[in-house]
Each structure stands twice: as C-alpha cells, then as structure tokens.
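To start, the structure under review is shown below, and the notes come after it.
2 protein chains.
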Amino acid sequence: MWIKTVSLIPPSLQDNTADAERLIKAIKSHLRTNTVDIDLYLLRKLPVLLRKWKYNVRCIVLKDRSRWILSGIINATDTIPIAGVAVDLGTTKVVLRIIDLSTNQILAEHTFDNPQMAIGPDILTRIHYSNQDEGLKKINRLIIDGLNQMIEKLCSSCNIKPDNIYAVSVAGNTAMTHLFMGLNPYWIIREPYIPVVNKPDLIKAQELGINVNPLARVIIFPNVGSYFGGDLIAGIFFSGIDKKEDVSILIDVGTNAEVLLGNKHWLVACAGAAGPALEGSVTRMGMLAGPGAIDRIKFDPVTFKIKVHTIGNKPPRGICGSGLIDLAACFFLYGIIDIRGKFVSSKRSGNRLKDKDGMKYYIVVPASESETGSDLIISQADIDSLIISKAAMYTILETITSSVGMSLKDLSTFYVAGTFGSYINPNSAISIGMLPDLPIDSYKSLGNSSLGGATMAIISNDCLDKIDAIRDKITYLELNVNQEFMNRFSAAKFLPHTDTSLFPSVKPR
Amino acid sequence: MWIKTVSLIPPSLQDNTADAERLIKAIKSHLRTNTVDIDLYLLRKLPVLLRKWKYNVRCIVLKDRSRWILSGIINATDTIPIAGVAVDLGTTKVVLRIIDLSTNQILAEHTFDNPQMAIGPDILTRIHYSNQDEGLKKINRLIIDGLNQMIEKLCSSCNIKPDNIYAVSVAGNTAMTHLFMGLNPYWIIREPYIPVVNKPDLIKAQELGINVNPLARVIIFPNVGSYFGGDLIAGIFFSGIDKKEDVSILIDVGTNAEVLLGNKHWLVACAGAAGPALEGSVTRMGMLAGPGAIDRIKFDPVTFKIKVHTIGNKPPRGICGSGLIDLAACFFLYGIIDIRGKFVSSKRSGNRLKDKDGMKYYIVVPASESETGSDLIISQADIDSLIISKAAMYTILETITSSVGMSLKDLSTFYVAGTFGSYINPNSAISIGMLPDLPIDSYKSLGNSSLGGATMAIISNDCLDKIDAIRDKITYLELNVNQEFMNRFSAAKFLPHTDTSLFPSVKPR
Numbered sequence: 000m001w002i003k004t005v006s007l008i009p010p011s012l013q014d015n016t017a018d019a020e021r022l023i024k025a026i027k028s029h030l031r032t033n034t035v036d037i038d039l040y041l042l043r044k045l046p047v048l049l050r051k052w053k054y055n056v057r058c059i060v061l062k063d064r065s066r067w068i069l070s071g072i073i074n075a076t077d078t079i080p081i082a083g084v085a086v087d088l089g090t091t092k093v094v095l096r097i098i099d100l101s102t103n104q105i106l107a108e109h110t111f112d113n114p115q116m117a118i119g120p121d122i123l124t125r126i127h128y129s130n131q132d133e134g135l136k137k138i139n140r141l142i143i144d145g146l147n148q149m150i151e152k153l154c155s156s157c158n159i160k161p162d163n164i165y166a167v168s169v170a171g172n173t174a175m176t177h178l179f180m181g182l183n184p185y186w187i188i189r190e191p192y193i194p195v196v197n198k199p200d201l202i203k204a205q206e207l208g209i210n211v212n213p214l215a216r217v218i219i220f221p222n223v224g225s226y227f228g229g230d231l232i233a234g235i236f237f238s239g240i241d242k243k244e245d246v247s248i249l250i251d252v253g254t255n256a257e258v259l260l261g262n263k264h265w266l267v268a269c270a271g272a273a274g275p276a277l278e279g280s281v282t283r284m285g286m287l288a289g290p291g292a293i294d295r296i297k298f299d300p301v302t303f304k305i306k307v308h309t310i311g312n313k314p315p316r317g318i319c320g321s322g323l324i325d326l327a328a329c330f331f332l333y334g335i336i337d338i339r340g341k342f343v344s345s346k347r348s349g350n351r352l353k354d355k356d357g358m359k360y361y362i363v364v365p366a367s368e369s370e371t372g373s374d375l376i377i378s379q380a381d382i383d384s385l386i387i388s389k390a391a392m393y394t395i396l397e398t399i400t401s402s403v404g405m406s407l408k409d410l411s412t413f414y415v416a417g418t419f420g421s422y423i424n425p426n427s428a429i430s431i432g433m434l435p436d437l438p439i440d441s442y443k444s445l446g447n448s449s450l451g452g453a454t455m456a457i458i459s460n461d462c463l464d465k466i467d468a469i470r471d472k473i474t475y476l477e478l479n480v481n482q483e484f485m486n487r488f489s490a491a492k493f494l495p496h497t498d499t500s501l502f503p504s505v506k507p508r
Numbered sequence: 000m001w002i003k004t005v006s007l008i009p010p011s012l013q014d015n016t017a018d019a020e021r022l023i024k025a026i027k028s029h030l031r032t033n034t035v036d037i038d039l040y041l042l043r044k045l046p047v048l049l050r051k052w053k054y055n056v057r058c059i060v061l062k063d064r065s066r067w068i069l070s071g072i073i074n075a076t077d078t079i080p081i082a083g084v085a086v087d088l089g090t091t092k093v094v095l096r097i098i099d100l101s102t103n104q105i106l107a108e109h110t111f112d113n114p115q116m117a118i119g120p121d122i123l124t125r126i127h128y129s130n131q132d133e134g135l136k137k138i139n140r141l142i143i144d145g146l147n148q149m150i151e152k153l154c155s156s157c158n159i160k161p162d163n164i165y166a167v168s169v170a171g172n173t174a175m176t177h178l179f180m181g182l183n184p185y186w187i188i189r190e191p192y193i194p195v196v197n198k199p200d201l202i203k204a205q206e207l208g209i210n211v212n213p214l215a216r217v218i219i220f221p222n223v224g225s226y227f228g229g230d231l232i233a234g235i236f237f238s239g240i241d242k243k244e245d246v247s248i249l250i251d252v253g254t255n256a257e258v259l260l261g262n263k264h265w266l267v268a269c270a271g272a273a274g275p276a277l278e279g280s281v282t283r284m285g286m287l288a289g290p291g292a293i294d295r296i297k298f299d300p301v302t303f304k305i306k307v308h309t310i311g312n313k314p315p316r317g318i319c320g321s322g323l324i325d326l327a328a329c330f331f332l333y334g335i336i337d338i339r340g341k342f343v344s345s346k347r348s349g350n351r352l353k354d355k356d357g358m359k360y361y362i363v364v365p366a367s368e369s370e371t372g373s374d375l376i377i378s379q380a381d382i383d384s385l386i387i388s389k390a391a392m393y394t395i396l397e398t399i400t401s402s403v404g405m406s407l408k409d410l411s412t413f414y415v416a417g418t419f420g421s422y423i424n425p426n427s428a429i430s431i432g433m434l435p436d437l438p439i440d441s442y443k444s445l446g447n448s449s450l451g452g453a454t455m456a457i458i459s460n461d462c463l464d465k466i467d468a469i470r471d472k473i474t475y476l477e478l479n480v481n482q483e484f485m486n487r488f489s490a491a492k493f494l495p496h497t498d499t500s501l502f503p504s505v506k507p508r
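Chains as they are written, first to last, in numbering that gives the first Met the number 0: chain A, 0 to 508; chain B, 0 to 508.
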C-alpha cells in the first residue's frame with residue numbers, strides 16, 4: 000500500500016486537464032509509473048471531493064501485477080485511519096489482524112475457529128462437501144460471513160470503521176484459498192492435482208463479499224501447487240530466506256510437513272506426511288497447543304520423576320506436539336525407551352510403566368492430577384507413531400538437502416514456523432533425531448509466519464512483485480519414495496539415528 | 000477484440016500448472032504480452048469449462064491500457080456468435096450497431112432518439128438537470144435503459160443474445176459520455192471547463208448497468224476537453240487522417256462546428272459556433288435531415304422554377320442544412336440574392352418573393368404542395384443567419400489552416416462528417432463561400448464517422464493504444480475572436496467572399 004499526500008495545481012483556462020488525469024498524473028510522477036487506474040466508483044465522486052478538499056488529498060494506491068490502482072482518496076487534513084487487514088486463513092484457526100497503514104502499527108488481532116469446521120475438521124471433507132449442490136456456495140459463505148463478523152468486531156474494538164480498510168491480504172493453503180475465492184477445489188485432490196489458479200490477481204473486496212471499503216482490494220497469496228500453498232509463500236516472505244546469501248531451511252509442521260530450503264539465488268520446496276503425531280491427532284492424549292496442553296516436560300535427574308508444564312498453567316488435559324517430543328526425549332535420555340523407541344522395564348520408569356493386553360503404556364499424569372480425572376497415558380503405539388513421524392521428518396530434511404548437494408550441517412539458519420515452532424524445544428527434537436544436530440542458536444522460531452507474511456504484504460508498496468518473485472523461484476521437489484528414501488527412513492527410525500555420528504551432541508546427554 | 004482458438008496440453012503429473020495459468024500462458028505467447036488478467040467470475044467457471052471442452056477453447060481478449068483482459072471463453076467447436084456493439088451516442092440521436100466480431104460483419108443497426116431528449120433537447124438543459132437531486136442518476140438511467148432496450152431488440156432481430164456481446168464501444172461528446180458513465184458534467188460548462196475524466200479506462204458493462212455478457216467491457220472514446228469529445232476522436236480514427244502523409248481537414252457540423260487539420264505527424268483541432276443555421280434550429284422551416292426534409296434544390300435555368308427533392312420522396316415538411324445551402328447557392332447564382340445575401344426584386348423571383356412588415360421572404364414550397372398545408376418559406380432573416388454561419392465556418396477553416404502556416408488550397412482531402420456530410424452538395428457550399436474552392440473530388444463524405452470509429456474500435460485488437468495516440472497528438476487551438484478573426488469573418492460575409500479570387504470556380508457558374 001502506497002499512501003501519500005498529493006497537492007495539485009487547481010485547473011485553469013491554461014490547463015484544462017480533467018480531474019482524474021490531473022490527480023493520476025501527480026501520482027504517476029511520484030511512483031514513476033505509466034499506469035494508475037481508477038475505479039468508476041471513485042471517478043464519480045472525484046470532482047466534488049477534489050474541489051471540497053482544495054486539491055490536497057491523501058492517495059491510497061495499491062499495485063497489481065501490471066498497474067497501480069487508486070483505491071481511495073481522503074482529505075489531506077483529515078486524520079481518518081487508513082487500515083488494512085491481514086488474514087492467516089488456516090484450516091482450523093483463522094487469525095485476523097488490523098494494521099494502521101500510516102504507522103504500520105498493529106491495532107487489533109484475533110483468532111477464531113474457521114467456521115468451515117462445522118462442515119468438517121479436515122480439508123478432504125470440505126472439498127467433498129464443496130462438490131455437492133450449492134456446497135461450494137455455502138462453504139464459501141461460511142468463511143466470508145465469519146470474516147465479516149470478525150472484521151466488524153475487531154474494527155469496533157480499535158475504533159475504526161470497516162470502511163477505513165483499504166486492503167486485505169489472505170495467506171492460506173491452496174484449498175482454503177480456493178474456498179475463500181469460491182473456486183471449486185475438486186481437482187486439487189484428484190490426479191494430477193490441479194488448482195484453478197496459481198497466482199490470483201488483486202480482487203475487489205466487494206466481489207468477494209468482504210465488507211470493507213468498496214474500493215479495497217484483496218491480495219491473495221499465490222500457490223506453487225495443490226500441496227504448496229500461499230501460507231507457505233507468506234512464511235518464506237516473512238522469514239526473508241530469499242534475501243540471504245547463506246542457505247537456510249524453513250519447516251512448517253501441520254497435518255503435512257512443508258519444507259523449504261534456499262537462499263537469495265534459489266529455493267527448493269517439498270512437502271510430506273510427517274506431522275500427524277505432532278499435531279495431536281494420533282496419540283490418545285494428543286491435543287492441539289492450547290490451555291491445559293502439556294507443552295514442556297522435564298525429568299528429575301535424581302528421582303526420575305516427571306515434571307509437566309502446561310499452557311496457561313492449567314491442570315493438564317493432554318499433550319501437544321512439543322510436549323510429546325520433550326517426553327520422548329526424556330524417555331530416551333533416561334533409558335525408559337531404547338534406541339528403537341521400545342519401553343524398557345527398569346527402576347527408572349518406576350510404577351508408571353504399565354501393561355494392558357500386551358501393550359505397554361506409561362502414565363504421564365495420574366488421574367488425581369489431571370483435569371480430565373483420568374490418567375493421561377502414552378502407549379507404545381503412540382511412541383511408535385511419533386518415531387515414524389520424526390523419522391519421516393528427518394528423512395525429508397536429508398532428502399531435500401542432499402537434492403542440492405548439501406548436507407544438513409551446511410545450514411546457517413533453521414526456521415521453524417507456526418505454533419509448533421513456538422513451543423518446540425529444539426534440544427528435545429535433536430535428542431530424538433527429528434531435527435538435525437545444529438547449534439541451538441541456529442534454530443529460530445518464526446511464530447505465525449503466515450500472518451507475518453500477510454502483514455508484510457499490505458504494508459509493502461509492491462508486494463505482488465516480491466511475492467511472485469519468491470513463488471516463481473521455488474522448485475518443487477516431488478518426494479519419490481524410492482529405495483534411497485526408504486534406506487534413509489529406516490536409518491532414521493532409531494533414536495537418535497543409526498548413524499550416531501550425525502548427532503554428536505546427543506551422546507554426552 | 001482478439002479472438003483465437005487455443006489448444007492446451009491437458010495437465011499431467013509432470014505439468015501441474017493451474018487451469019488459469021495454463022490458459023493464460025497460451026494466450027500470452029500468442030499475444031507476446033506479459034499480462035493477461037482474468038475476472039473472478041470467469042475463474043470460477045474455468046475448471047469445469049476447460050475439462051468439458053477438452054482444453055480447446057476460443058478466447059475473447061480485450062486490451063486495456065496496461066493489460067489484456069480475458070473476457071470470455073467458448074467451446075472451440077461451438078458456433079455461438081461473438082458480437083460487439085458500437086454506439087454513436089449523439090445528443091439528439093443514438094445509433095446502435097451490432098457487429099459479428101468473428102467476421103466483422105454488421106448484423107444489425109438502429110437509430111433512436113436519445114431518451115434524454117425527455118429532459119431537454121440541448122446539452123445545457125441536461126447538465127443543469129443533472130445537478131438537481133437525483134438528477135444525474137435519473138438522466139444516466141434514461142440512456143442506460145434506452146440502450147438496454149435497444150440492444151435487446153436489435154439482438155433478437157439478428158438472432159443473437161445480449162450474452163453473446165463481449166464488447167461495447169461508445170463515441171459521444173464529452174457531456175453525453177459523462178452522463179453515460181454517471182459522471183457529473185457540472186464543471187464541463189463552467190470556467191475553466193474541466194471534464195471529470197479525459198481517458199476512461201475500460202469499464203465492465205455490468206458496472207455501467209449495460210445488460211450484455213457479464214464480462215463484457217465498455218470502451219469509451221477519450222476526449223480532449225469539454226468541447227472536443229470522443230465522437231470527434233472516433234471520427235478522426237475512422238477517417239484515417241492520422242495515418243496519411245498529406246494534410247487533410249475534417250469538419251463535423253452539429254450545434255458546433257468542429258474542425259481537425261493534420262496528418263500522421265501532427266493534428267490541430269478547434270471548435271466554434273457555426274452550425275445552428277445548418278442544423279435546422281434557426282430558420283423557421285429548418286429541420287433535421289429526415290423524411291420529408293428538402294435535402295436538394297435545383298432551379299430550372301430557363302423558367303427559374305424551383306425543384307425540390309425530399310428525403311424519402313415524401314411531401315416536403317421543411318428544409319435541412321444541405322437543402323438550405325443548395326437554396327442559397329441557387330438564389331445567389333440566379334441573382335435572387337445579391338453578394339450581401341439580400342433579396343433582389345426581379346423577374347427571376349417571380350411571384351415567390353413576398354414582403355411582410357418590411358421583411359422579405361420567399362415561398363420555397365407553396366401550401367398546396369407542402370405536407371404541412373402551409374407555405375414553406377425562407378425569410379431574409381433566415382438567409383442572414385445562414386450567411387453568418389457560413390462566414391463563421393469559412394473563417395474557422397482559414398484560421399486553423401493559417402495557424403500552421405498553410406493555405407486552404409494546400410489540403411489534399413476535405414472530409415465532411417455526419418449527416419451534414421452525407422447530404423451536403425459541396426458545389427453549393429463552395430458557391431456561397433462556405434467551404435473552400437477545392438476540386439470537387441477532394442471532398443469526401445464520411446457518413447456517421449463517430450459510429451464508424453466506434454465500430455473500428457471493437458474490431459481492432461488494441462484500439463485504446465491507437466485512439467490514445469490520436470488523442471494525445473491533438474493540439475487544441477483556442478479560437479481567439481481577435482481583430483484578425485473579425486477581419487476574416489467580415490470578408491467572408493459576402494457571397495462567395497470579398498476576395499473572389501479565392502473562389503475562381505464560382506464566377507463561371
């Protein structure tokens with residue numbers, strides 16, 4: 000968004016240039032561009048506004064791929080805020096942030112459940128639903144209405160009007176983005192997995208049914224394909240990997256693990272199933288990071304007693320990905336599980352390790368201390384599942400790095416995006432061989448990088464150029480599950496790894 | 000409009016480009032451009048259509064100033080017509096023409112009264128009306144509704160649907176164009192005479208309320224200023240003056256006379272009041288060219304009897320501009336008026352010349368032969384008014400030509416636009432010294448050049464580039480009514496002129 004006060008020389012008999020061209024000429028000379036378009040809606044109001052405001056106006060201009068668009072003018076002496084909305088359009092959660100575009104300050108932020116959860120928690124259910132009669136319309140309406148309600152609430156919380164919002168940027172995965180635009184995602188999940196669009200143009204908020212300023216434009220992050228969406232492009236944009244000379248890696252762990260490797264010259268991406276155990280959807284006590292979720296675990300080195308920390312310091316209700324990784328790391332380092340991840344009966348596990356129908360399980364929190372009133376347990380099956388996830392993750396990291404002839408040790412920075420990145424203890428992840436044994440300070444948590452990228456997009460003058468440059472630079476690596484991949488995977492199924500020389504820091508622990 | 004069948008290679012696992020980008024890439028390579036935009040409306044339908052039509056589609060693409068816009072796709076094997084509508088948006092009459100854009104054939108054409116005539120016949124009344132409460136909305140609605148009705152009728156007359164229309168081009172004067180777009184023309188008629196816009200962008204027909212294909216775009220001819228409108232730019236475009244090495248002149252006579260002089264290197268334009276007597280609004284028997292209007296007059300060289308020809312060979316109702324010029328020429332050549340244009344009592348005028356209250360008048364058609372049942376007469380005042388008009392016209396022509404250091408004799412072609420041009424007899428106009436004494440074959444009638452230009456615009460691939468080039472090349476000459484102008488004007492008030500050497504061909508007649 001480009002915002003600037005422009006002072007025009009009023010028309011005279013010597014200069015009878017029309018109102019629109021007079022204003023646009025001034026903007027063009029500031030922007031050094033040939034094309035600034037103006038909507039009919041604004042054109043109709045222009046002559047009165049220019050004269051009322053004595054030819055001194057603040058101009059709000061947004062750049063599409065081929066042209067700048069004048070999205071609004073306000074009186075130069077007026078202090079009306081000019082705001083933008085950044086949206087992280089998650090499958091489960093949607094995060095909305097209002098930004099004052101004159102100061103780039105965050106005015107308000109709110110997270111809410113994606114209203115499409117009512118159709119189904121997972122993407123597949125929603126895609127199938129979209130293909131029913133009116134399904135697409137209904138599911139599109141759910142998210143649009145949800146956003147409108149939330150925008151209105153957030154606006155009033157920070158004392159602005161939806162009409163003060165001139166830009167909306169949306170970062171989401173390919174399916175969520177399609178549903179948001181009312182595009183049928185049917186072909187996204189069917190071979191050969193084709194999105195309707197990779198790089199949407201700016202769309203008028205009005206056309207999408209978003210109730211903000213009628214001239215506001217919506218920036219929708221482009222995707223690389225059905226399985227590498229705009230949320231990840233936003234994350235890369237936010238991380239700045241594409242600006243650095245050194246090679247960094249970025250991982251975003253959700254239902255899938257998406258990985259990006261590169262620097263200012265090149266970017267390689269891949270995605271693979273590595274996350275389920277980490278997102279709380281496999282283990283019996285698994286849950287998403289939220290109040291009452293065990294996010295950190297320590298063992299007392301003397302008593303071997305377990306110490307849990309929960310989000311919000313609430314009584315424990317379950318365990319989230321980072322807690323599970325901590326737990327597995329403690330189990331391994333204290334010999335409660337062996338290098339194959341199997342429970343070992345020993346003094347250290349005390350009376351916490353049980354057996355039921357031949358399946359071993361471990362009581363992490365006894366019923367008396369849990370919020371649910373039942374034991375919170377981890378079974379051998381849960382550990383097995385985690386080990387598969389961690390092995391898959393490490394294999395993907397190894398595969399993508401070796402695809403460019405590099406080794407994991409060559410990475411300068413290891414970015415971890417999302418909630419997972421905010422809670423994970425890299426030491427624990429290294430201990431179980433899920434993440435490579437890099438110096439701890441090379442691990443950087445990005446937080447909600449999708450929202451971060453969406454925020455940068457509305458602040459930036461020419462975000463589409465920058466975002467397109469990132470998108471177009473990405474080489475997508477199809478993960479072939481061939482013999483080499485399987486060999487790597489098998490080697491990674493041990494704790495921390497068959498080749499312990501890869502994890503020199505784990506041994507001393 | 001660019002129309003082409005494009006055959007795409009269907010997507011595969013090896014090429015997972017999205018539907019939109021797959022199609023746009025093909026169009027881009029045909030057009031050698033970087034930017035082809037696609038509307039959300041079409042994007043939503045695209046995946047189903049591409050698959051249904053097996054990736055063979057005819058694409059309809061229109062060029063805006065900075066980008067091409069995909070306005071529609073149809074099945075490559077389908078024979079649905081792809082049509083356009085050209086509109087000559089006159090203050091009095093509107094002419095609509097439907098063109099098959101695959102063959103460039105005219106499918107239908109119709110002229111109707113501008114429905115804004117209900118507000119007032121002249122531009123000023125309408126501009127004042129627009130400034131009242133809701134006035135602009137109402138007057139805009141009148142023309143939009145009128146066009147919609149006529150488009151529907153014309154479509155059914157040639158067996159197409161309004162949905163088959165993908166482009167509309169509109170040529171009109173600056174005020175009519177403003178009212179068409181719903182822009183307030185208030186400032187057009189007030190010093191310093193500023194239009195709201197000079198060069199409108201392509202506008203979606205839907206936004207303007209025009210009921211054609213929802214993706215159709217409207218091309219609106221740009222203006223040079225409040226008094227040199229898009230109708231004239233369309234006329235220049237149609238004439239091709241701007242493509243020739245030789246210098247030509249173009250005149251368009253309506254309420255004002257607009258004049259353009261130039262060649263491929265430069266264009267000079269001016270406008271002045273010269274027309275009233277020629278457009279039927281001053282003389283008592285004056286009327287617009289139409290059924291029953293006397294458009295041609297001859298005198299029998301022996302009996303001096305008058306022979307009138309009417310449009311449609313209907314009984315005479317009045318006289319239009321070309322008839323009036325013929326009449327004045329005959330009067331002058333047969334000595335019924337003198338070189339000052341005053342009636343001379345002589346045998347030749349017979350009993351047709353009368354006198355009432357000291358004002359002489361001449362019975363052109365006796366009551367017995369007229370359609371109205373009254374004498375059709377021309378008074379001395381009518382002749383005087385014609386002489387002022389013709390003198391003004393000649394003075395404007397002399398002034399604009401001498402402004403570039405040329406003489407009227409240097410002109411290779413003299414284009415006469417509009418109805419006036421279609422009916423006028425250049426010999427008569429030369430006889431009274433209204434038009435310069437050039438060889439008769441240098442006079443070319445352009446017919447409805449505004450409609451002609453509008454037609455060329457929708458047929459052309461990149462009309463805005465061409466039209467902008469014309470518009471931007473025009474230097475507008477403000478006619479200063481100074482001593483030199485008045486001297487020229489006084490000299491031109493004689494028949495044919497004070498300086499008879501300027502009209503060598505008139506003497507022998």
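We put the CB at the ideal spot given by N, CA and C, even for glycine.
Keep in mind that this is a model prediction, so the values were computed, not measured.
- In the three-state scheme derived from DSSP, where H, G and I count as helix and E and B as strand, Ile-2(B) is classed as strand.
- The three-state reading of DSSP puts Asp-356(A) in coil, since its state is none of H, G, I, E or B.
- For the 8 Å CB-CB criterion, Ile-164(B) and Ala-75(B) do not form a contact.
- Per DSSP, the unbroken alpha helix (DSSP H) holding Val-47(A) starts and ends at 39-51.
- Its Cα nearest to that of Ser-70(B), the residue Ile-2(B) stands out among Leu-494(B), Ile-2(B), Pro-495(B).
- Between Pro-10(A) and Ile-193(B) a beta carbon distance of about 5 Å is seen, short of the 8 Å cut, so the two are scored as contacting.
- For Tyr-422(B), the enclosing alpha helix (DSSP H) covers residues 417-422.
- By the 16-neighbour rule on beta-carbons within 10 angstroms, Leu-501(A) is buried.
- Ser-430(A) counts as buried, since at least 16 other C-beta atoms from the protein chains shown sit within 10 angstroms of its C-beta.
- At a cut-off of 8 Å between beta-carbon atoms, Met-175(B) makes no contact with chain A.
- One Cα belongs to Pro-184(A), the other to Ser-225(A), and the distance between them is close to 9 Å.
- Here Ala-468(A) is exposed, its C-beta having fewer than 16 other C-beta atoms within 10 Å.
- Under the three-state reduction of DSSP, Gln-104(A) is assigned to strand.
- Taking C-beta atoms under 8 Å as the contact rule, Ser-504(B) and Asp-440(B) fail to qualify, at a distance of about 13 Å.
- If you look at Glu-206(B), you'll find it in the alpha helix (DSSP H) that goes 204-207.
- Look at Gly-234(B) here: in three-state DSSP terms it is helix.
- In the three-state reduction of the DSSP assignment, Tyr-414(B) falls in the strand class, which pools E and B.
- The beta carbon of Thr-34(B) sits closer than 6 Å to the beta carbons of Arg-66 from its chain, once the five residues preceding and following it are set aside; these are given in chain order.
- The beta carbons of Asn-424(B) and Ser-489(B) sit about 26 Å from each other, so the pair does not count as a contact at 8 Å.
- Your pair Leu-178(A) and Gln-115(A) checks out as a contact, with CB atoms roughly 7 Å apart and the cut at 8 Å.
- Excluding residues up to 5 positions away in sequence, Pro-213 lie with their Cβ nearer than 6 Å to the Cβ of Gln-205(B) in the same chain.
- Each residue's CA atom was taken as its position, placing Ala-328(B) and Leu-207(B) some 47 Å apart.
- For Met-180(A), the nearest CB of chain B lies under 8 Å from its own CB, placing it at the interface with that chain.
- Under a 10 Å Cβ-count criterion, Arg-295(A) is classified as buried, with 16 or more other Cβ atoms of the shown protein chains found around its own Cβ.
- Of all residues in the region 193-211 of chain A, those with a C-beta nearer than 9 Å to a C-beta of chain B are Ile-193, Pro-194, Val-195, Val-196, Asn-197, Lys-198, Pro-199, Asp-200, Ile-202, Lys-203, Glu-206, Leu-207, reading in chain order.
- Between the C-alpha atoms of Ser-402(A) and Ala-268(A) there is a straight-line separation of about 11 Å.
- Apart from sequence neighbours up to five positions away, the residues of its chain that approach Tyr-360(A) with a beta-carbon distance below 6 Å are Lys-353, Ile-376, Ser-378, ordered along the chain.
- The residues Lys-263, in chain order, have a CB closer than 7 Å to that of Lys-242(A) in the same chain once the five nearest residues on each side in sequence are set aside.
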